[in-house]
């Protein structure tokens with residue numbers, strides 16, 4: 010049938026929500042993503058810290074959408090968007106569209122220092138998480154092997170740059186690994202002597218939370234031995250450590266959780282992006298001048314509600330995805346589009362075992378109750394029934410045993426076959 | 010204390026059994042392995058076929074041995090063994106020993122065609138399994154994308170070379186994926202139209218089993234649509250397929266399960282290795298001329314019991330590992346070593362869902378009962394309580410839903426950060 014063609018570029022939280030909202034409607038939907046899987050990014054730090062396996066927080070996009078017979082999924086690299094010709098250019102050729110939902114998100118930003126990436130990997134994809142896991146585990150192996158005290162200390166020093174939720178969660182998980190999980194596994198080193206530093210240039214961690222919750226999170230991190238250095242700008246990152254205005258921190262494992270840069274596709278639309286590379290969208294989520302082009306999620310700058318851009322979090326992306334889908338269906342039926350309005354359900358961040366901070370529509374709480382709430386929310390939103398059960402089991406097991414099941418170092422040196 | 014030093018080179022089934030047998034004895038034990046994990050290799054094909062995650066069949070070696078305070082584990086590359094100077098040379102330097110247990114196993118052999126490896130990966134390590142999983146899943150993605158019928162057919166043609174247990178299990182799993190798991194996920198292709206070929210130069214599959222069980226396995230494979238070509242020699246392997254004497258099979262996914270070559274360390278001991286590169290050991294598992302050097306598992310040629318070498322399977326390795334440990338303790342106490350005797354408990358191989366063949370000390374059976382026995386044995390021997398529970402849950406879930414949870418394509422194209 011000659012239904013209108015909708016392309017959804019990117020199958021993150023926003024793109025997937027849009028695809029689900031368009032399932033079984035009178036449109037042809039094509040979902041494009043360079044990965045074959047949708048990733049539950051809020052738990053990615055659990056893969057990086059060896060608590061969960063990649064398959065527990067990711068599922069094939071085509072499997073998630075298998076029942077929507079009007080939705081086709083293609084794994085491809087999106088190279089360019091041509092909004093005047095209504096085309097998406099990919100590594101597999103050009104795809105025409107009647108409506109486009111651009112949801113390609115954001116990647117790490119190294120503040121004009123791309124050379125830092127190789128020594129300070131970020132945490133956006135499964136590959137990133139496995140690389141961080143590999144480096145962290147190898148650091149303990151190197152510390153056990155070396156006879157040089159300076160080398161050993163650098164191997165046992167872990168620096169997390171960025172005091173947002175990802176950085177706080179990653180630092181908390183590292184603290185737990187060093188102090189509990191690994192503690193009996195080594196003979197020459199004491200893993201609990203590991204130093205974990207959390208650096209941020211801002212005056213406080215978790216700046217998107219209320220002051221009181223920031224302060225509670227800080228105290229909790231300090232209680233589990235994390236050295237938190239706020240107001241500390243990173244001046245340089247190299248293979249041997251991190252330079253700050255005050256000192257050089259010798260470390261062989263640096264994790265980047267600091268900056269976000271919008272997907273480069275946003276700057277190709279012929280409209281001036283904001284300083285973070287995001288597209289300033291109309292109230293109905295379309296791009297000025299292109300009524301059939303929607304931008305949602307981390308790539309969108311939506312400032313109509315509060316005067317400042319909505320944060321780059323999954324609830325914004327999901328609500329915008331559903332809203333863009335509804336507006337497209339309205340346009341097809343000749344109706345007017347409706348302005349987007351974000352319903353903020355709150356935010357939370359966890360700090361190691363049994364502690365979290367939460368701000369649910371002004372209701373602020375922390376400690377064990379907040380941690381239980383965090384657990385519940387993340388389990389409920391995790392995709393797939395099977396994943397929920399297995400992840401819950403893994404969490405329960407590691408909660409009581411301090412065990413982290415996925416402590417595998419892979420991709421070190423490929424084994425060679427014999428002739 | 011000045012205990013004798015025992016080095017165990019390789020933490021596979023043999024090395025690990027030896028380390029456990031030497032735990033808390035009056036020796037210093039150093040376990041060397043290039044990986045940080047022990048791998049439950051009999052289930053590796055389940056990782057390659059996206060049913061299990063790597064962490065479900067592998068555990069950190071130092072975690073398995075954490076309670077043995079006299080055992081130190083080091084992750085290192087073993088470069089050379091010098092039996093006259095009693096040294097193991099590694100990428101981290103030389104380690105002296107009083108006793109050495111060499112258990113570095115085997116790798117794939119491409120029958121003097123090492124150039125085939127890039128187009129036909131084998132199945133020995135986690136990295137191998139993830140590479141095969143990636144190629145298999147990408148093949149379905151490519152088939153869905155292409156408009157060219159020949160390209161599509163090649164993408165949907167999977168060739169497994171080698172009709173031993175690994176090849177049979179891999180082919181069976183591929184059949185299941187194509188016919189059940191993926192069947193609703195695609196729009197343009199029908200995954201159940203995939204061709205799966207199992208090639209072997211030998212006249213029958215599973216040559217280590219009785220004729221009757223071979224024949225039953227063959228019929229079962231054919232019943233689930235696998236094309237089995239015995240007596241078929243592979244003449245060439247390339248990126249576009251496999252050449253046999255009869256035809257050229259166009260395929261973009263070839264999996265190598267054919268040959269084994271012993272670890273190169275065996276040929277450095279100054280004794281003439283056998284044709285497969287294995288070390289011919291004395292009845293007590295020592296190497297002729299070196300009473301403090303033991304070789305066990307896939308690297309050993311032990312022919313004293315049946316006249317021909319014992320097979321390269323995990324029960325042989327485990328029994329030899331324990332035996333070598335006992336003989337070393339005897340030598341330390343000034344007692345004589347004891348000849349090894351293999352107790353053969355039987356062998357089994359599974360073919361897809363609900364079918365297997367088993368030969369337990371002459372008791373031959375097949376079908377559902379054999380499959381249940383296979384399941385039980387593999388669960389019992391899988392390391393770690395947690396892994397057993399999670400794997401059982403995953404198996405139960407996929408048994409009832411034909412679901413394979415680990416269908417992730419990773420390491421395709423690394424995402425690049427923005428400057």
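Protein chains in written order, with the working numbering: chain A, 10 to 428; chain B, 10 to 428. Where a beta carbon is used, it is the ideal one built from N, C-alpha and C, also for glycine. Only a predicted model underlies this, so the values are computations on that prediction, with no experimental measurement involved.
- Query: At a CB-CB cut-off below 8 Å, which residues of chain A make contact with residue 72/B?
  - Reply: Counted from its first residue, the second chain places residue 72/B at position 63. Those are 194 and 416, listed as they occur along chain A.
- Item | Near-chain B residues of the stretch 292-317 of chain A (beta-carbon distance less than 7 Å), N- to C-terminal order | none
- Please classify residue 33/A: is it buried, with 16 or more other beta-carbons within 10 angstroms of its beta-carbon, or exposed? On the first chain, residue 33/A is found 24 positions in, with the first residue counted as 1. Residue 33/A is exposed by the Cβ-count criterion.
- Taking only runs that begin and end inside the stretch 274-355 of chain A, name each unbroken alpha helix (DSSP H) of 4 or more residues, in chain order. 323-341
- Task: Give the secondary structure of residue 204/B by DSSP, where H, G and I count as helix, E and B as strand, and everything else as coil.
- Result: Indexing the second chain from 1 puts residue 204/B at position 195. Looking at residue 204/B - three-state DSSP - the assignment turns out to be strand.
- Query: Is it true that the CB of residue 243/A sits closer than 8 Å to the CB of residue 251/A?
  - Reply: If you number the first chain from 1, residue 251/A lands on position 242. If you number the first chain from 1, residue 243/A lands on position 234. Contact flag set, yes.
- Given that a residue counts as buried once 16 or more other Cβ atoms are within 10 Å of its Cβ, and exposed if not, what is residue 307/A? Position 298 of the first chain, counting from 1, holds the residue named residue 307/A. Buried.
- For residue 29/A and residue 77/A, the rounded distance between their alpha carbons: The residue you call residue 77/A lines up with position 68 of the first chain. The residue you call residue 29/A lines up with position 20 of the first chain. Approximately 8 Å, taken between the alpha carbons.
- Distance, Cα to Cα, residue 414/B vs residue 173/A? Taking the second chain and counting its residues from 1, the one referred to as residue 414/B is at position 405. Taking the first chain and counting its residues from 1, the one referred to as residue 173/A is at position 164. Cα-Cα distance, rounded: 31 Å.
- Whole runs of the beta strand (DSSP E) within the stretch 129-213 of chain B, excluding any shorter than 3 residues: 166-170 and 204-208
- For residue 150/A, which residues in chain B fall below 7 Å Cβ to Cβ? Stepping through the first chain from its first residue, residue 150/A is reached at position 141. The contacting residues are 45 and 84.
- Task: Evaluate residue 320/B with the Cβ neighbour count: other Cβ atoms within 10 Å of its Cβ, from every protein chain shown; 16 or more gives buried, anything less gives exposed.
- Result: Stepping through the second chain from its first residue, residue 320/B is reached at position 311. Exposed: under 16 other Cβ atoms inside 10 Å.
- Do residue 188/A and residue 69/B have their C-beta atoms within less than 8 Å of each other? Position 179 of the first chain holds residue 188/A. Position 60 of the second chain holds residue 69/B. Contact flag unset, no.
- Query: Would you say residue 223/A and residue 230/A are within 8 Å of each other, going by their C-beta atoms?
  - Reply: The sequence position of residue 223/A within the first chain is 214, counting from 1. The sequence position of residue 230/A within the first chain is 221, counting from 1. The answer is no: Cβ separation not under 8 Å.
- Message: Let me see if you follow: with CB-CB separation under 8 Å, is residue 101/B close to chain A or not?
- Response: Within the second chain, residue 101/B is the residue found at index 92, counting from 1. So yes, residue 101/B belongs to the interface.
- Message: Between the stretch 40-54 of chain B and the stretch 78-86 of chain B, can you find at least three pairs of beta-carbon atoms closer than 8 Å?
- Response: yes
- Task: Kindly indicate which three-state DSSP category residue 426/B falls into: helix, strand or coil?
- Result: For this step, residue 426/B is matched to residue 417 along the second chain. In this predicted model, residue 426/B has a pLDDT of only 41, less than 50, meaning its place in the structure is not dependable; the value taken from the coordinates is given anyway. Residue 426/B: coil per DSSP, three-state reduction.
- Using 10 angstroms around the beta-carbon of residue 153/B, count the other beta-carbons present and answer buried if the total reaches 16, otherwise exposed. For the purposes of this step, residue 153/B is taken as the residue at position 144 of the second chain. So residue 153/B counts as buried.
- Query: Using the beta-carbon count (16 or more within 10 Å), is residue 371/A buried or exposed?
  - Reply: For the purposes of this step, residue 371/A is taken as the residue at position 362 of the first chain. Exposed, since its Cβ has fewer than 16 Cβ neighbours within 10 Å.
- Can you pull the chain A residues whose beta carbon is under 7 Å from the beta carbon of residue 67/B, in chain order? Position 58 of the second chain holds residue 67/B. Those are 417, listed as they occur along chain A.
- Query: Do we get a CB-CB distance below 8 Å when we pair residue 420/B with the residues of chain A?
  - Reply: As a position in the second chain, residue 420/B is number 411, starting the count at 1. With 8 Å as the cut-off, residue 420/B counts as an interface residue toward chain A.
- Query: How many angstroms separate the CA atom of residue 25/A from the CA atom of residue 303/A?
  - Reply: Counting from 1 along the first chain, the entry for residue 25/A is found at position 16. Counting from 1 along the first chain, the entry for residue 303/A is found at position 294. In a straight line, the C-alpha of residue 25/A is about 14 Å away from that of residue 303/A.
- Message: Residues of chain D with CB closer than 7 Å to the CB of residue 397/B, please, in chain order.
- Response: Within the model displayed, chain D is absent; protein chains A and B are what it includes.
- Message: Check for me: the beta strand (DSSP E) holding residue 374/B runs from which residue to which?
- Response: Here residue 374/B refers to the residue found at position 365 when the second chain is read from its first residue. Counting along the chain, the beta strand (DSSP E) containing residue 374/B begins and ends at 372-375.
- Query: Apart from the five residues just before and just after residue 376/A, which ones in its own chain have a Cβ nearer than 7 Å to its Cβ?
  - Reply: What you label residue 376/A is simply residue 367 of the first chain in a count that begins at 1. The answer, listed in chain order, is 364.
- Query: Checking contacts by CB at 8 Å: is residue 64/A closer than that to chain B?
  - Reply: Here residue 64/A refers to the residue found at position 55 of the first chain. Answer yes: the Cβ-Cβ gap between residue 64/A and chain B drops below 8 Å somewhere.
- Residue burial classification, residue 426/A (beta-carbon count within 10 angstroms, cutoff 16): As a position in the first chain, residue 426/A is number 417, starting the count at 1. With a pLDDT of 41 at residue 426/A, under the threshold of 50, the predicted position of this residue should be treated as unreliable, though the coordinate-derived value follows. Buried: at least 16 other Cβ atoms inside 10 Å.
- Alpha-carbon spacing of residue 171/A relative to residue 205/A, whole angstroms: Numbered from 1 along the first chain, position 162 holds the residue referred to as residue 171/A. Numbered from 1 along the first chain, position 196 holds the residue referred to as residue 205/A. Approximately 13 Å, taken between the alpha carbons.
- Query: Any beta-carbon of chain B closer than 8 Å to the one on residue 253/A?
  - Reply: By 1-based counting over the first chain, the position of residue 253/A is 244. No, residue 253/A does not count as interfacial toward chain B.
- Item | Spatial distance of residue 257/A from residue 123/B (CA atoms) | Here residue 257/A corresponds to residue number 248 of the first chain, with the count starting at 1. Here residue 123/B corresponds to residue number 114 of the second chain, with the count starting at 1. C-alpha separation (whole angstroms): 47 Å.
- Is the shortest distance between the beta-carbon of residue 240/A and the beta-carbons of chain B less than 8 Å? For this step, residue 240/A is matched to residue 231 along the first chain. So no, residue 240/A is outside the interface.
- Task: Return the bridge partner residues of residue 252/B from the DSSP annotation.
- Result: Walking along the second chain from the start, residue 252/B turns up at place 243. Residue 252/B is bridged to 245/B and 257/B.
- Message: Output needed in chain order: residues of the stretch 115-145 of chain A with a Cβ under 8 Å from some Cβ in chain B.
- Response: 116, 117, 118, 119, 121, 122, 123, 126, 131, 133, 134, 135, 136, 137 and 139
- Message: How far does the alpha helix (DSSP H) with residue 220/A in it extend, from its first residue to its last?
- Response: As a first step, residue 220/A must be located in the first chain, where it is residue number 211. First-last of the alpha helix (DSSP H) with residue 220/A: 220-232.
- Taking the alpha-carbon positions, what's the residue 428/A to residue 128/B distance? In the first chain, the residue the question calls residue 428/A occupies position 419. In the second chain, the residue the question calls residue 128/B occupies position 119. Note that residue 428/A scores 40 on pLDDT, short of 50, meaning its location in the model is unreliable and no value can be drawn from it.
- CA nearest to the CA of residue 310/B, picked from 102/B, 402/B, 339/B and 276/B: Translated into positions along the second chain, residue 310/B becomes position 301. The shortest Cα separation from residue 310/B among 102/B, 402/B, 339/B and 276/B belongs to 276/B.
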